[in-house]
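For what it's worth, this note's numbering labels the leading residue of the sequence shown as 1, then goes sequentially. Data block below; observations after.
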Amino acid sequence: MTSTVDTAAADASRSTPPSGLIAVARAPGWVRYALLAVGLAVAAWLPNGLYPAVAVDILCWALFAVAVDLLLGFTGLMSFGHAAFWGTSAYVTGLVAIHAGLPFPLAVLAGALAAAVLAVPIGYLAVKRTGIYFAMVTLAFAQMVYYVANEWRSVTQGENGLQGVPRSFFGLDLTDDYFFYYAILPIVLLGLAAAWRIVHSPFGRVLVGIRDNPARARALGYPVHRYKLTAFVLSGFIAGLGGGLFAVGHRFVSLDVLHWTTSGKAVIVVVLGGIGTLWGGVLGAGIVVRLEDWLSFSGFEAIGLVTGGIFVLVVVLFRRGIWGSVAALAHRLAAHRR
């Protein structure tokens, strides 16, 4: 039996072009499995084709971008404050790893849980607003977290940052970034799988219905604010996973992880890959991180000028982002053949 939210989502999909995620979901089974196999193969090959430290950063930013897309693409909430969760998890992960000596997966989990806990009060106040007001509220809270981290020097070390974050993992030597990449890959895949399951669940369909028509969802009896808050906390948790892995990967945590430009970069990555595509964030993270690494090694200092220019071109030429545009083109070609 079809639910009212499913009907609302179907009505919305008929009125608007399918997103990259919907286009992939409608593809034949062998196409989906082929894309999954290609993605896993690329993930397994990545540290062999790139500098391993860059490959680690791509994994971390991919989680961060997917977390932002879960909120922006599927709930319709633009957050400019997700650095608060990324950075809070990084600091908590570093502190737990340094002072408790726990294996890094447990330290990362502690950081992600701390990010989720922080997301509860921030989300509770923020989801009562929409549009630019929601974005500004999240940005304001993120700046408050940045101020606290900067002033609480006895814990965070202020501008000096946390140094020497260990990569402890049951006696294994993970000092080499190449081996560390494969140690964190299962965690990243679990985070991506969790995000995929969320958007493909009945809960995810309710979020899409709220995004497209919140008044109708409210009239159907769904507690809109509660659903938005839950999505906000889940997004904070996934962003926290990425932030914790980023801290262990760099073995250093600085105030940059809490700066508002970190939130802005995550939004750029999502828009570049494609809003509401989920996997577009992974593609965007790979492009942005690799481009920044290449420009920095080439001696080019105005990296933001290049990445900003590419962002403008993508917005103008590919309105749905790279992944979304390619998936929509493939959908149109398949429809034309039928």
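In this text, a Cβ means the ideal position worked out from N, Cα and C, and glycines have one as well.
Note the first and the last residue of the continuous alpha helix (DSSP H) segment covering residue i.
i: W196; result: D177 to V199
i: V68; result: P52 to T75
i: K265; result: W260 to G273
i: T156; result: R153 to T156
i: H82; result: Counting along the chain, H82 falls outside any alpha helix (DSSP H), and DSSP gives it neither H nor E.
i: A100; result: Element bounds for A100: n/a, residue is neither H nor E.
i: F203; result: P202 to D212
i: D293; result: W279 to F297
What does the alpha-carbon distance come out to for the pair residue i and residue j?
i: R332; j: L278; result: 20 Å
i: I210; j: V267; result: 21 Å
i: F318; j: S325; result: 6 Å
i: A97; j: L329; result: 46 Å
i: L162; j: Y91; result: 8 Å
i: L71; j: F232; result: 6 Å
i: G243; j: V289; result: 15 Å
i: G171; j: L106; result: 14 Å
i: V314; j: A110; result: 37 Å
i: F246; j: R205; result: 31 Å
i: F203; j: D212; result: 14 Å
i: N160; j: A84; result: 19 Å
i: L174; j: G164; result: 14 Å
i: V191; j: L36; result: Position check: residue 191 holds Gly in this sequence, whereas Val was assumed. If you take the alpha carbons of G191 and L36, they lie about 15 Å apart.
i: W152; j: T138; result: 21 Å
i: L295; j: V257; result: 21 Å
Please classify residue i as buried or exposed, where buried requires at least 16 other C-beta atoms within 10 Å of its C-beta.
i: A100; result: exposed
i: S201; result: exposed
i: P186; result: exposed
i: I132; result: exposed
i: S154; result: exposed
i: G221; result: exposed
Only counting the same chain, and skipping five residues up and downstream in sequence, which positions put a Cβ closer than 6 Å to that of residue i?
i: F134; result: L77 and A126
i: A67; result: S235, I238 and A239
i: D293; result: V54
i: M1; result: Confidence in M1 is poor, its pLDDT being 40 and thus under 50, which makes the residue's placement unreliable; the coordinate value appears in the next sentence. So no residue of the chain qualifies.
i: V282; result: A62
i: P47; result: A55, Y178 and Y181
Name the one or two DSSP bridge partners that residue i has.
i: F252; result: Q163
Within the same chain, show all residues whose beta-carbon is closer than 8 Å to that of residue i, passing over the 5 residues directly before and after it, in chain order.
i: A114; result: T88, S89, V92 and G240
i: S15; result: Here S15 scores only 36 on pLDDT, less than 50, and its place in the model is too uncertain to base an answer on.
i: G397; result: Since the first residue shown for the chain is 1 and the last is 338, residue 397 is missing from the structure and cannot be characterised.
i: V224; result: I210, P214, A217 and R218
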